[in-house]
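>
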Amino acid sequence: DFTIVPTTDAFGTEENTIREGVNETTNYFYNLNARYNKQFSSRHALNAMAGVQILTTLQEYDGAYARNTTNDFYQVLGSADAIGRYFDGYQNKWNWANIYGHVDYTYNHVLNAALNMSIDGSSANGRYTNHFRVYPSGGITWMAKNMSFLIDKDWITRLDLRAEYSLTGNSRFSSNYGKSYYSSLPYMAVSGIIRTQIPNTHLKPEITSQINLSLDASFLRNRISLGVDYYRGRSKDVIMNIGKSAIYGTSAYYANVGKIDNNGVELSLQASLIRMRNFEWIVGGNISFTESKINSLGGNDQETVQYSDGSMIVSRVGGNPYEFYGLQANGVYSTQAEASEAALTNSSNQAYSAGDVRYVDQNNDGRIDSKDYVSLG
1 DFTIVPTTDA
11 FGTEENTIRE
21 GVNETTNYFY
31 NLNARYNKQF
41 SSRHALNAMA
51 GVQILTTLQE
61 YDGAYARNTT
71 NDFYQVLGSA
81 DAIGRYFDGY
91 QNKWNWANIY
101 GHVDYTYNHV
111 LNAALNMSID
121 GSSANGRYTN
131 HFRVYPSGGI
141 TWMAKNMSFL
151 IDKDWITRLD
161 LRAEYSLTGN
171 SRFSSNYGKS
181 YYSSLPYMAV
191 SGIIRTQIPN
201 THLKPEITSQ
211 INLSLDASFL
221 RNRISLGVDY
231 YRGRSKDVIM
241 NIGKSAIYGT
251 SAYYANVGKI
261 DNNGVELSLQ
271 ASLIRMRNFE
281 WIVGGNISFT
291 ESKINSLGGN
301 DQETVQYSDG
311 SMIVSRVGGN
321 PYEFYGLQAN
331 GVYSTQAEAS
341 EAALTNSSNQ
351 AYSAGDVRYV
361 DQNNDGRIDS
371 KDYVSLG
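Numbering-wise (the UniProt record's numbering), the sequence shown opens with residue 1 and increments by one.
1) Spatial neighbours of Q328 within its chain, please: CB distance less than 6 Å, with the 5 preceding and 5 following residues excluded, ordered by chain position.
2) Which residues bound the beta strand (DSSP E) around S166?
3) Can you tell me the Cβ-Cβ gap for T196 and Y177, rounded? I've got them flagged as a contact below 8 Å.
4) Which value, in whole angstroms, describes the spacing of the CA atoms of T168 and P136?
5) With DSSP as the reference, label G355 as helix, strand or coil.
6) Under the DSSP definition of a beta bridge, which residues are partnered with D88?
7) Where does D1 sit, in a helix, a strand or coil, going by DSSP?
8) Look at the alpha carbon of L58 and the alpha carbon of F173, and state the distance between them as a whole number of angstroms.
9) Can you tell me which residues form a DSSP beta bridge with T25?
10) One question on the structure: do Y90 and M117 come within less than 9 Å of each other, judged by their Cβ atoms?
11) Does the pairing of the stretch 285 to 304 with the stretch 259 to 266 give three or more beta-carbon distances under 8 Å?
12) Just to confirm my understanding: we take A343, look at its own chain, exclude 5 residues before and 5 after, and list those with CB closer than 7 Å. What are they?
13) Can I193 and S184 be called in contact, C-beta distance under 9 Å?
14) Taking C-beta to C-beta, are S272 and Q210 nearer than 9 Å?
15) In the DSSP assignment, find the beta strand (DSSP E) that holds A114 and state where it starts and stops.
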């Protein structure tokens, strides 16, 4: 048989609930660019491009919650109790502008050098920080197949060795992090607004510097293709959710406190097993090995964030960023005798029963609580 257990809180007993919401997102994107290509001779080629991009994102959400209608057939907010009725919503506008340029030069189909420059600006940055930042990148490619000692080798079709360096920024975060705003808060039959957070008026983009070393090769008239890419990068000014004392009466504070190292290797292999005039069968695969490690959290050893659904993530210096955090499950108590033998209690000092999840008592104190939380991956 199914059993419904009503929820009881400060507003009384919740017999049923009604929720309504509308979410609207509007994007405007503009892009204007110009290109220049020139072949000076059989040995020299120059390509250039410059442009500007503008992106505006408008987001609006309106929602409401109420409970305890006369019966389940009345499903509109006006038919619910006034006490406990809740209205919510938000507006967010994000503006981004980008001026970019690219130039590359190829010598004798053997050597290619490229340079890129990007100037990004975002409305999400804090009020008292620079809204525009410069991000350069460059690379060089050696097309070894076109060298004299390989050009007449039929078994190799392509052999490129490439080295690149890039500096990029991430400003795709909420505009609210650097601003003060208000949220609705109900109390009995009355609703009001409260200041939600402490704004960080010096918030700036996350910056990533990265080096890539790559090899691309194909053999037997592109029957077999191989790719190897090694990268090593560091992200600094990573935005983290920093907890504040309850004295402030606000939610967490967002700040550029993190440093994260990212290293890895990516391998890919592809083979054309059957090649006919109107049919080709290609099989391939790839594998990657990645390591991410937090180097700094702005003087703290650990930061945890709990979401509205109860889930938690943790970031620790020396560990992986944004790991799930909580109790480690080890099966289920199948019988009451098994639960009694474990002799464990939860954070409310209640003993476990048959059918409950068996959690690992990490510190062996006979109590399952926040002291037993571990990284879950």
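Yeah, the Cβ is synthetic: ideal placement off N, Cα and C, and Gly gets one too. These figures come from a predicted structure and were not determined experimentally.
Inspection of the coordinates gives the following:
1) V360 and V374
2) I156 to N170
3) Not really, about 11 Å apart at Cβ, beyond 8 Å.
4) 8 Å
5) coil
6) G63
7) Any reading at D1 needs caution, since the residue's pLDDT is 48, under 50, leaving its predicted position unreliable; the model's value is listed next. Reduced to three states, the DSSP call for D1 is coil.
8) 13 Å
9) Q59
10) no
11) yes
12) G366
13) yes
14) no
15) L111 to S122
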